[in-house]
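Note sheet for the following structure.
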Amino acid sequence: MDKKVNELILKLNETHSLTEAEYETLIIGRGYFAGDMLRKLAVKTRKEIYSDTVFIRGLIEISNFCKNDCLYCGIRRSNSACKRYRLSDDDILACVDEGYSLGFRTFVLQGGEDAHFTDDRLCGIINAIKSGHPDCAVTLSLGERTKESYRRLFEAGADRYLLRHETADKVHYEKLHPAEMSFEHRMQCLEWLREIGYQVGCGFMVGSPHQTASSLAKDLKFIESFSPDMCGIGPFIPHSATPFAGCDAGTVELTCYLLSVIRLIKPNILLPATTALGTVHHNGREKGIESGANVIMPNLSPLSVRKKYELYDNKICTGEESAQCVQCIKARMERIGYTVVTDRGDIKK
-13 MDKKVNELIL
-3 KLNETHSLTE
7 AEYETLIIGR
17 GYFAGDMLRK
27 LAVKTRKEIY
37 SDTVFIRGLI
47 EISNFCKNDC
57 LYCGIRRSNS
67 ACKRYRLSDD
77 DILACVDEGY
87 SLGFRTFVLQ
97 GGEDAHFTDD
107 RLCGIINAIK
117 SGHPDCAVTL
127 SLGERTKESY
137 RRLFEAGADR
147 YLLRHETADK
157 VHYEKLHPAE
167 MSFEHRMQCL
177 EWLREIGYQV
187 GCGFMVGSPH
197 QTASSLAKDL
207 KFIESFSPDM
217 CGIGPFIPHS
227 ATPFAGCDAG
237 TVELTCYLLS
247 VIRLIKPNIL
257 LPATTALGTV
267 HHNGREKGIE
277 SGANVIMPNL
287 SPLSVRKKYE
297 LYDNKICTGE
307 ESAQCVQCIK
317 ARMERIGYTV
327 VTDRGDIKK
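Counting from -13, one number per residue, gives the positions in the sequence shown under this note's numbering.
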């Protein structure tokens, strides 16, 4: 098996493509030496394109109201214990102004699917950010919307949209979501975003309930075929107020292994080392960067609401993951040989 996996790693490094069955073998047959080989190739590949730079994004969690009831999510609508909040327009713009002074040139507005944030309201916020800071990029991560809504937000100045597909396996998707949510619609939204002209990001949880090597192989093949500009993956972490409260969390090992695979699938992809990685291991984000990631998204949200945006239990929400601690982040990256840059951090074509 080791020889076969090594051959597949070399093939992926050369062609950036495997069959779905080969991706499954790559996952099932992984071991220490294969993981080390894969990691070194992924780091070599990302350094050829992005050198030793790490991009930082200022994450602003604008609302934890959500109309959806996803079985894995702590802000699902049926969680009556969730302490709900939404930031005002002025709150959001104040976060951006503070982030700009700290050196951030990309801002990520993330939230549940909250009807309060209409197209008109969001267009006003985007226009204000772009008017005040024309050298910055705006990324949205606000779930499923209509094609016309996506178009309006793009025309208002949004540059990127991150919509995690969560799984490219329809059967698996239906085990993670309520019946009113549609796998086909999620994929349709990603196609609309690409068609409109966004830099598009997708992503999935690693180790989510009912996930198999086969479903992960489908995720990898989807990333290969869709070719996103960004891909956010992180370990599944259970939340105590969801049906999956008693499930095991995903591992740092498999998450980092898959980060390396994705780097070889699309060498120029923007690949975050996520907060979830930092939650399951104190050096999780460093491990992600050392596996081929090149983006970190520290939190710019007001400290008073960070704990409330709890998609999973024990989320880190104070300290060195904070955007205000840029020097801490820079020092942590420098210790492993990387440099945080003040840059929009666009994908290199």
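Every residue gets a Cβ at the ideal spot worked out from N, C-alpha and C, and that includes glycine.
So the alpha helix (DSSP H) residue i belongs to, where does it begin and stop?
| i | result |
| --- | --- |
| residue 262 | 261 to 266 |
| residue 96 | Not the alpha helix (DSSP H): residue 96 falls in the beta strand (DSSP E), residues 92 to 97. |
| residue 8 | 6 to 14 |
| residue -7 | -12 to 1 |
| residue 117 | 105 to 118 |
| residue 314 | 312 to 321 |
| residue 270 | 270 to 275 |
| residue 101 | Segment: none, residue 101 is in no alpha helix (DSSP H) and carries neither H nor E. |
| residue 142 | 133 to 142 |
| residue 292 | 289 to 292 |
Please return the same chain residues whose Cβ sits closer than 6 Å to the Cβ of residue i, not counting the five positions on each side in sequence.
| i | result |
| --- | --- |
| residue 334 | 35 and 254 |
| residue 144 | 112, 124 and 126 |
| residue 330 | 91, 92 and 123 |
| residue 24 | -5 and 246 |
| residue 296 | 60 |
| residue 95 | 46, 48 and 126 |
| residue 32 | 249, 278 and 280 |
Measuring only the C-alpha atoms, how far is residue i from residue j?
| i | j | result |
| --- | --- | --- |
| residue 135 | residue 109 | 10 Å |
| residue 290 | residue 69 | 11 Å |
| residue 1 | residue 28 | 14 Å |
| residue 80 | residue 45 | 13 Å |
| residue 275 | residue -5 | 19 Å |
| residue 57 | residue 165 | 11 Å |
| residue 280 | residue 105 | 31 Å |
| residue 288 | residue 311 | 14 Å |
| residue 336 | residue 206 | Outside the modelled stretch of the chain, which goes from -13 to 335, sits residue 336, for which no answer is possible. |
| residue 43 | residue 92 | 5 Å |
| residue 115 | residue 82 | 7 Å |
| residue 103 | residue 137 | 15 Å |
| residue 66 | residue 173 | 30 Å |
| residue 332 | residue 159 | 30 Å |
| residue 154 | residue 202 | 8 Å |
| residue 72 | residue 241 | 31 Å |
| residue 195 | residue 177 | 26 Å |
| residue 273 | residue 101 | 37 Å |
Using alpha carbons as the reference points, say which of the options lies closest to residue i.
| i | options | result |
| --- | --- | --- |
| residue 190 | 177, 178, 330 and 223 | 223 |
| residue 293 | 41, 219 and 60 | 60 |
| residue 74 | 52, 107 and 94 | 107 |
| residue 300 | 330, 289, 226 and 241 | 226 |
| residue 99 | 244, 48 and 118 | 48 |
| residue 209 | 283, 249 and 319 | 249 |
| residue 77 | 315, 319 and 286 | 286 |
| residue 261 | 119, 283 and 322 | 283 |
| residue 268 | 238, 88 and 186 | 238 |
| residue 85 | 119, 40, 272 and 142 | 119 |
| residue 326 | 37, 22, 5 and 3 | 37 |
| residue 229 | 277, 257 and 163 | 163 |
| residue 147 | 121, 180, 132 and 322 | 180 |
| residue 259 | 251, 252 and 277 | 277 |
| residue 97 | 51, 89, 133 and 314 | 51 |
| residue 53 | 121, -3, 128 and 87 | 128 |
| residue -3 | 251, 328, 323 and 152 | 251 |
| residue 186 | 30, 7, 257 and 197 | 257 |
Hey, quick one: how far does the beta strand (DSSP E) through residue i stretch, first residue to last?
| i | result |
| --- | --- |
| residue 89 | Here residue 89 belongs to no beta strand (DSSP E), and DSSP marks it neither H nor E. |
| residue 298 | Careful: residue 298 lies outside any beta strand (DSSP E) and carries neither H nor E. |
| residue 147 | 146 to 148 |
| residue 31 | First-last for residue 31: 18 to 36, but that is the alpha helix (DSSP H), not the beta strand (DSSP E). |
| residue 46 | 44 to 49 |
| residue 127 | 123 to 127 |
| residue 325 | 325 to 327 |
For residue i, which residues in the same chain have their Cβ closer than 7 Å to its Cβ, ignoring the five residues on either side in sequence?
| i | result |
| --- | --- |
| residue 150 | 188, 189, 190 and 218 |
| residue 175 | 130 and 149 |
| residue 16 | -9 and 243 |
| residue 199 | 10, 13 and 14 |
| residue 182 | 136, 137 and 140 |
| residue 20 | -12, -9, -8 and -5 |
| residue 271 | 259, 263, 264 and 282 |
| residue 133 | 178 |
In chain order, what residues of the same chain lie with their CB nearer than 8 Å to the CB of residue i, ignoring the 5 residues before and after it?
| i | result |
| --- | --- |
| residue 235 | 193, 221, 222, 223, 224 and 266 |
| residue 168 | none |
Extract the residue ranges of the alpha helix (DSSP H) inside the region 159 to 238, only unbroken runs of 4 or more that lie entirely within it.
Within the region 159 to 238, the complete alpha helix (DSSP H) runs of at least 4 residues are 169 to 182 and 199 to 212.
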